[in-house]
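Enquirer: Pasting in a structure now, in structure tokens, and then I'll have a few things to ask.
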Amino acid sequence: EGGAQPSFPQSWSPPERTPGWASQAGAVRGARGSEDVCGVPETQDVQAAGPAQPEEVWGGRQELRGSAAEGVPPLTDVSDISHFLSVFQKPHAGVIQAARQLLSDERAPLRQKLLADLLGTVSENIAAETRAEDPPWFEGLEARFRSKSAYLRYSCESRIRSYLREVTSCASLVSVAAREEYLQVVGAMCQELQAARYNGSYFDRGAKAGRRLCTPEGWFSCQGPFDTDDCASRHSINPYGNRESRILFSTWNLDHIIEKKRTVVPTLAAAVGDAEGRVVDWKYFYSLLFTLDNLKLVHVACHKKTTHRLRCDPSRIYRAQAVPRRKRPICRRR
1 EGGAQPSFPQ SWSPPERTPG WASQAGAVRG ARGSEDVCGV PETQDVQAAG
51 PAQPEEVWGG RQELRGSAAE GVPPLTDVSD ISHFLSVFQK PHAGVIQAAR
101 QLLSDERAPL RQKLLADLLG TVSENIAAET RAEDPPWFEG LEARFRSKSA
151 YLRYSCESRI RSYLREVTSC ASLVSVAARE EYLQVVGAMC QELQAARYNG
201 SYFDRGAKAG RRLCTPEGWF SCQGPFDTDD CASRHSINPY GNRESRILFS
251 TWNLDHIIEK KRTVVPTLAA AVGDAEGRVV DWKYFYSLLF TLDNLKLVHV
301 ACHKKTTHRL RCDPSRIYRA QAVPRRKRPI CRRR
């Protein structure tokens with residue numbers, strides 16, 4: 001209050017500048033003025049080759065900051081960025097307070113977004129697990145959810161259950177004569193899912209390493225579109241951090257590489273109808289419908305809704321039939 005600036009933690013210090021940094025930064029200024037790194041016009045008049053102007057940042061600290069001409073950012077190096085990240089990896093309360101004050105006074109849209117995203121990240125209560133430890137995280141959820149892991153596990157189970165309902169509802173695609181056989185296959189899948197607790201461990205940070213899609217802290221990474229090996233945009237999220245991240249995570253997709261509705265289910269229905277004494281390998285279809293053999297966790301921006309044009313493996317649709325062993329002729333002794 002009263003215009004006082006928030007104090008900055010003593011452990012923080014501005015990044016060191018390389019020799020000649022200020023003169024190099026000033027040299028890129030144009031005679032008609034310049035813009036800062038966020039593209040916001042500076043209010044002070046600038047000479048063609050004048051020195052960089054000081055600007056108050058982080059609650060009163062001053063540093064010389066070269067501005068950009070025609071969108072070119074000031075010269076910096078990797079150590080500056082690394083130092084910046086280390087400050088906010090485990091931020092001091094004073095850092096958060098200073099960032100909040102900057103956000104309240106900021107009017108430039110890009111700076112507002114950067115500060116808001118930064119605050120959203122550093123204010124997350126990732127380590128908290130129970131409702132008592134982080135009440136805001138549970139706002140809007142039923143009282144039966146007492147831990148974050150329990151809710152995220154339930155969220156994953158709900159997705160898998162919805163896939164099972166889709167498979168069951170497609171019994172009408174099969175002829176009446178083969179419908180009973182189709183429902184028996186679905187029943188076998190259902191029992192397998194029940195034993196695996198509907199694979200809810202995929203979203204549970206407390207699950208074993210091979211059974212979850214996240215780090216032990218709860219960080220999920222986008223696995224990229226169905227036709228790539230990874231995510232070019234490096235999307236990541238931690239739904240355990242705060243309520244907003246929990247809600248945003250619900251927009252991420254568990255995408256079928258070989259499409260469920262267009263390919264896997266119709267192929268299963270056709271396999272049952274055309275069995276002619278052969279046994280459908282339901283475990284193969286189970287792996288395509290409900291497991292990470294055919295599922296990718298994908299950010300909404302990486303979720304391609306185009307036709308995948310991928311097919312099931314024809315050699316795995318039916319179980320391999322055992323070849324009967326030849327009986328050796330009995331040799332009679334003379």
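If you count by UniProt numbering, then the sequence shown holds residues 1 to 334, one letter each, in order. Idealized CB from N, CA, C, for every residue including glycine. Since this is a predicted model, take the numbers as computed values, not measurements.
#1: Report the option in Ala177, Val167, Ile126 whose CA atom is closest to the CA atom of Arg262.
#2: Cβ of Glu181 within 7 angstroms of any heavy atom in the ligand COA?
#3: Quick one, are the C-beta atoms of Ile160 and Gly218 less than 8 angstroms apart?
#4: Is the distance from the Cβ of Cys312 to the Cβ of Ile247 below 8 angstroms?
#5: Quick check on Gln223: buried or exposed, where buried means 16 or more other Cβ atoms within 10 Å of its Cβ?
#6: If you pair each beta-carbon of the region 202-222 with each one of the region 236-243, do three or more pairs fall below 8 angstroms?
#7: Using only alpha-carbon positions, find the residue among Ala196, Leu114, Phe226, Pro225 that is nearest to Arg212.
#8: Can you give me the C-alpha to C-alpha distance between Gly206 and Leu288, rounded to a whole angstrom?
#9: Taking the alpha-carbon of Pro225 as reference, which of Phe249, Ala209, His308 has the nearest alpha-carbon?
#10: Starting from the C-beta of Leu103, find all residues in its chain whose C-beta is less than 6 angstroms away, skip the five residues before and the five after it, and write them out in chain order.
#11: Using three-state DSSP, classify Phe285 as helix, strand or coil.
#12: Ser175 by DSSP, collapsed to three states: which one?
#13: For a quick check, are the C-beta atoms of His303 and Asn253 less than 8 angstroms apart?
#14: Since I believe Ser149 is in contact with Asp204 (beta carbons under 8 angstroms), could you give me their beta-carbon distance rounded to a whole number of angstroms?
#15: Select from Leu268, His256, Thr251 the residue whose C-alpha is nearest the C-alpha of Ala301.
Expert: Walking through what the data contain:
#1: Val167
#2: The model depicted lacks the ligand COA and carries no ligand whatsoever.
#3: no
#4: no
#5: buried
#6: yes
#7: Ala196
#8: 25 angstroms
#9: His308
#10: Leu115
#11: helix
#12: coil
#13: yes
#14: 5 angstroms
#15: Thr251
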